[in-house]
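> Per the working numbering, residue 8 is the first one in the sequence shown, and the count goes up by one each step. First, the structure itself, so that you have it in front of you.
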Amino acid sequence: MTPGPVDSPASYRHVMDPSTPSTSSTPPTAPDADDDALLADFHTVLRRLLDRLPGSDAGRRLADALHEHLGTAPHLLAVVSAPVPAHRLVDADIALSEVMAADPDASIIGIAGDARHHMSLGDLVQGFHGPGMSVGQVDYDRMPTGPGTDDQRQVVTSGIRLFTFEGRPVAVRQQGMNRQFGRESGTIEVVAEDRDLSDALMARVQALMDERSVIRGQVLTFGSDPYGQGLAGVTFIERPSVDAAAVVLPDGVLERVARHVIGMGEHRERLVAHGQHLKRGVLLYGPPGTGKTHTVRHLLSATPGTTAVLLSGGSLRFIHDAAKVARAHQPAIVVLEDCDLVAEDRSFAPMGASPLLFEVLDALDGLDADADVAFVLTTNRVEDLEVALSQRPGRVDLAAEIPLPDAEGRRELLRLYGGHLFGAEAISAAAARAEGTTASFTKELVRRAVLAAAIADEPPSDEHLGLALDELMSDTQQLTRSLLGVGSGDDAGLDGAAGMPPGRFSRPARSVASFGTSSDGGISDPG
């Protein structure tokens with residue numbers, strides 16, 4: 008008899024529910040023994056093919072793999088875990104790889120399924136979720152190890168390392184950060200036959216993380232972009248190259264700053280031997296555009312191999328993280344630019360109780376006295392730091408003013424930026440006319456002169472320098488001069504300038520006399 012149509016409700020129910028009686032009068036066909044044998048042979052061949060794939064663990068339970076390596080059921084062993092900050096994930100990978108390399112039979116396995124992102128190693132081996140997790144592929148991610156585009160490393164972000172440590176088997180789960188699954192940091196989890204072995208391995212990994220760190224000796228900054236590339240907000244920066252000859256300051260200023268920041272590090276052994284502390288704080292203050300940042304760039308250039316963390320503006324809220332990095336990777340320099348911008352910022356303090364600047368100063372005080380760490384602060388408005396500095400004496404032990412350049416300073420700046428382009432008389436005349444201007448102004452002056460020559464398709468000449476100076480010194484360029492730091496000590500350039508209402512930038516006058524200046528140029532205790 009011909010079977011019913013394929014869309015028959017009864018036939019559909021029969022397929023989905025074998026207990027439903029079939030309306031067909033055709034009896035079911037008995038399984039053929041030859042078919043069973045064929046299926047068995049096919050299963051055997053398929054299994055052998057999968058087993059021969061390189062690195063294949065198809066269908067292998069994770070708990071079984073760990074049991075085989077450890078010699079004990081893993082769910083009976085304690086798991087020791089430690090968080091890994093996102094910017095230390097590369098360090099952790101380097102450390103674990105070095106420890107693992109001592110075992111020639113070491114291997115690494117992955118974990119199958121998305122559930123691995125939500126479960127600890129203990130959860131993975133307990134078997135609470137049915138037969139347990141299966142062995143899968145290892146996950147990797149490329150992470151930066153320096154400022155260059157080729158400074159990259161393949162880092163394990165989900166995998167279990169199986170090796171021996173001190174002659175005994177251990178399993179280490181390595182997990183990276185993953186914001187998609189709510190993880191803002193990584194994790195290292197160790198399972199071994201006893202807790203002491205796990206603790207010893209953790210201590211060894213931590214020591215290697217500090218010793219082999221890719222952060223050590225680098226220049227970096229902390230960012231706040233949650234989607235930015237890099238080590239979770241840590242960005243590597245090329246170390247600047249600025250010779251001392253390129254820093255134009257009054258006689259003795261650069262030498263005094265360099266002696267405090269660099270000299271103490273160079274003579275750390277003698278200082279410590281005589282009971283002197285190494286931690287130091289330097290404040291560079293003066294009008295905008297006078298060379299504070301340029302001075303900092305020279306300090307970084309003159310200290311190759313020193314770890315440097317640069318913070319400015321809103322990123323100053325990472326000061327505690329920066330202090331931890333500096334402490335772990337000495338010798339170090341922590342640069343805090345434009346501290347006056349956060350002198351009255353209470354948005355990052357608990358319940359708005361204290362300005363962010365107080366947190367910065369607390370971080371300065373939180374390091375051990377023998378920590379070879381220099382904090383370099385810059386500010387355009389030292390008067391805004393008066394209260395904080397007077398209430399936190401001793402955080403800053405050298406204050407150096409970076410003033411507007413005098414006539415000789417302006418001539419030297421013009422020779423630095425354009426001495427090969429313009430004559431000595433033109434440089435002297437321009438320096439005399441540009442009284443009260445900044446180093447930033449001089450640099451822009453030379454650039455405009457070169458641009459004017461390029462537009463005219465002529466080589467730069469004294470005439471182009473004079474025309475550029477005429478333009479910058481004209482009344483129509485008042486705002487431009489202010490943006491270059493000219494007359495910005497009291498914001499005179501912006502107050503009442505075209506498009507700016509009078510009084511917009513006015514501030515009450517404040518004195519810095521209450522925290523004084525010590526005989527060596529540092530800030531002394533009030534009174």
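Idealized CB from N, CA, C, for every residue including glycine. Every value quoted in this text rests on a predicted model; they were computed, and no experiment measured them.
(1) For residue 258, name the three-state secondary structure that DSSP assigns.
(2) Out of curiosity, what's the CA-to-CA distance linking residue 305 and residue 268?
(3) Which two residues bound the contiguous beta strand (DSSP E) that contains residue 423?
(4) Out of 318, 260, 80 and 167, state which residue places its alpha-carbon closest to the alpha-carbon of residue 333.
(5) Going by DSSP, name the residue or residues bridged to residue 382.
(6) Can you tell me the Cα-Cα spacing of residue 467 and residue 447, whole angstroms?
(7) Should residue 197 and residue 177 be called a contact, given that it needs their Cβ atoms to be closer than 8 Å?
(8) Who are the near neighbours of residue 425 in its chain, counting only those whose CB is closer than 6 Å to its CB and skipping five residues on each side?
(9) Below 6 Å CB to CB, which residues in the same chain sit around residue 465 once its five sequence neighbours on both sides are set aside?
(10) Give me, in chain order, the residues of the same chain whose beta-carbon lies closer than 7 Å to that of residue 102; leave out the 5 immediate sequence neighbours on both sides.
(11) Are there three or more Cβ pairs, one per stretch, closer than 8 Å when the segment 278–293 is compared with the segment 396–410?
(12) Could you have a look at residue 143 and say whether DSSP puts it in helix, strand or coil?
(13) Per the DSSP calculation, residue 194 is bridged to which residue(s)?
(14) Compute the Euclidean distance between the alpha carbons of residue 169 and residue 205, then round it to the nearest angstrom.
(15) Going by beta-carbon coordinates alone, are residue 187 and residue 165 separated by less than 8 Å?
(16) In or out: residue 338 buried (at least 16 other Cβ within 10 Å) or exposed?
(17) Could you pull out every residue in the same chain whose Cβ sits closer than 6 Å to the Cβ of residue 344, ignoring the five residues on either side in sequence?
(18) How should residue 100 be labelled, buried or exposed, when 16 other C-beta atoms within 10 angstroms of its C-beta is the threshold for buried?
(19) Would residue 296 and residue 491 be called neighbours here (beta carbons separated by less than 8 Å)?
(20) Using a Cβ-Cβ cut-off of 7 Å (strictly less than) and excluding sequence neighbours within five positions of residue 411, which residues of its own chain qualify?
(21) How close, in whole Å, do the beta carbons of residue 247 and residue 208 come, if the pair is a contact with beta carbons under 8 Å?
(22) Take residue 107 and list the residues in its own chain whose beta-carbon comes closer than 7 Å to its own, dropping the five residues that flank it on each side.
(23) Assign residue 151 to one of three DSSP states: helix, strand, or coil.
(24) Alpha carbon to alpha carbon, what distance is there between residue 407 and residue 254?
(25) Leaving out five residues on either side along the sequence, give the residues of the same chain with a beta carbon under 6 Å from the beta carbon of residue 80.
(26) If we ignore side chains and look at the alpha-carbon of each, how far apart do residue 90 and residue 125 end up?
(27) Which stretch, first to last residue, makes up the beta strand (DSSP E) that contains residue 310?
(28) Assign residue 449 to one of two classes, buried (16 or more other C-beta atoms within 10 Å of its C-beta) or exposed (fewer than that).
(29) Give the secondary structure of residue 69 by DSSP, where H, G and I count as helix, E and B as strand, and everything else as coil.
(30) Distance, Cα to Cα, residue 241 vs residue 153?
The structure says:
(1) Translated into the one-based positions of the sequence shown, residue 258 becomes position 251. Coil.
(2) Mapped onto the sequence shown, residue 305 falls at position 298. Mapped onto the sequence shown, residue 268 falls at position 261. Going by the C-alpha atoms only, they are around 11 Å apart.
(3) Locating residue 423 in the sequence shown gives position 416, counting from the first residue. Per DSSP, residue 423 belongs to no beta strand (DSSP E); it is in the alpha helix (DSSP H), 414–425.
(4) Taking the sequence shown and counting its residues from 1, one reaches residue 333 at position 326. Of 318, 260, 80 and 167, the residue nearest in Cα terms is 318.
(5) If you number the sequence shown from 1, residue 382 lands on position 375. Residue 382 pairs with 288 and 341.
(6) As a first step, residue 467 must be located in the sequence shown, where it is residue number 460. As a first step, residue 447 must be located in the sequence shown, where it is residue number 440. When rounded, the separation of the alpha-carbon atoms in residue 467 and residue 447 is 20 Å.
(7) In the sequence shown, counting from the first residue as 1, residue 197 sits at position 190. In the sequence shown, counting from the first residue as 1, residue 177 sits at position 170. Going by C-beta atoms, residue 197 is nearer than 8 Å to residue 177.
(8) Translated into the one-based positions of the sequence shown, residue 425 becomes position 418. Excluding positions up to five away in sequence, the list reads 453.
(9) Residue numbering aside, residue 465 sits at position 458 when the sequence shown is read from its first letter. No residues qualify anywhere along the chain.
(10) Here the question's residue 102 lines up with position 95 in the sequence shown. Contacts found: 212, 215, 216 and 219.
(11) yes
(12) The sequence position of residue 143 within the sequence shown is 136, counting from 1. In the structure shown, residue 143 sits in a strand (DSSP, three-state: E or B).
(13) In the sequence shown, the residue the question calls residue 194 occupies position 187. According to DSSP, which records beta bridges pairwise, residue 194 is partnered with 90 and 182.
(14) By one-based count along the sequence shown, residue 169 stands at place 162. By one-based count along the sequence shown, residue 205 stands at place 198. Cα-Cα distance, rounded: 13 Å.
(15) Sequence index remark: in the sequence shown, residue 187 carries index 180 (1-based). Sequence index remark: in the sequence shown, residue 165 carries index 158 (1-based). Against a cut-off of 8 Å, the Cβ pair of residue 165 and residue 187 comes out as no contact.
(16) By one-based count along the sequence shown, residue 338 stands at place 331. With 16 or more Cβ atoms within 10 Å of its Cβ, residue 338 is classed as buried.
(17) Locating residue 344 in the sequence shown gives position 337, where the first residue counts as 1. Counting only Cβ-Cβ distances below 6 Å, and skipping sequence neighbours, we find 319 and 385.
(18) Sequence index remark: in the sequence shown, residue 100 carries index 93 (1-based). It counts as buried.
(19) The count along the sequence shown starts at 1 and reaches residue 296 at position 289. The count along the sequence shown starts at 1 and reaches residue 491 at position 484. Yes, they are a contact pair.
(20) Position 404 of the sequence shown, counted from the first residue, corresponds to residue 411. Answer for residue 411: 294, 297, 443 and 445, listed in chain order.
(21) On the sequence shown, residue 247 is found 240 positions in, with the first residue counted as 1. On the sequence shown, residue 208 is found 201 positions in, with the first residue counted as 1. About 40 Å; that fails the 8 Å criterion.
(22) By 1-based counting over the sequence shown, the position of residue 107 is 100. 113, 168 and 170.
(23) Taking the first residue of the sequence shown as 1, we reach residue 151 at position 144. DSSP, reduced to helix, strand and coil, places residue 151 within a strand of the structure shown.
(24) Position 247 of the sequence shown, counted from the first residue, corresponds to residue 254. Position 400 of the sequence shown, counted from the first residue, corresponds to residue 407. The alpha-carbon atoms of residue 254 and residue 407 are separated by roughly 14 Å.
(25) Taking the first residue of the sequence shown as position 1, residue 80 is located at position 73. Counting only Cβ-Cβ distances below 6 Å, and skipping sequence neighbours, we find 74.
(26) Locating residue 90 in the sequence shown gives position 83, counting from the first residue. Locating residue 125 in the sequence shown gives position 118, counting from the first residue. Looking at the two C-alpha atoms, the distance is approximately 15 Å.
(27) Here residue 310 corresponds to residue number 303 of the sequence shown, with the count starting at 1. No beta strand (DSSP E) holds residue 310; DSSP gives it neither H nor E.
(28) Position 442 of the sequence shown, counting from 1, holds the residue named residue 449. That one is buried.
(29) For the purposes of this step, residue 69 is taken as residue 62 along the sequence shown, with counting starting at 1. Reduced to three states, the DSSP call for residue 69 is helix.
(30) One-based indexing of the sequence shown puts residue 241 at position 234. One-based indexing of the sequence shown puts residue 153 at position 146. Their Cα atoms are separated by approximately 11 Å.
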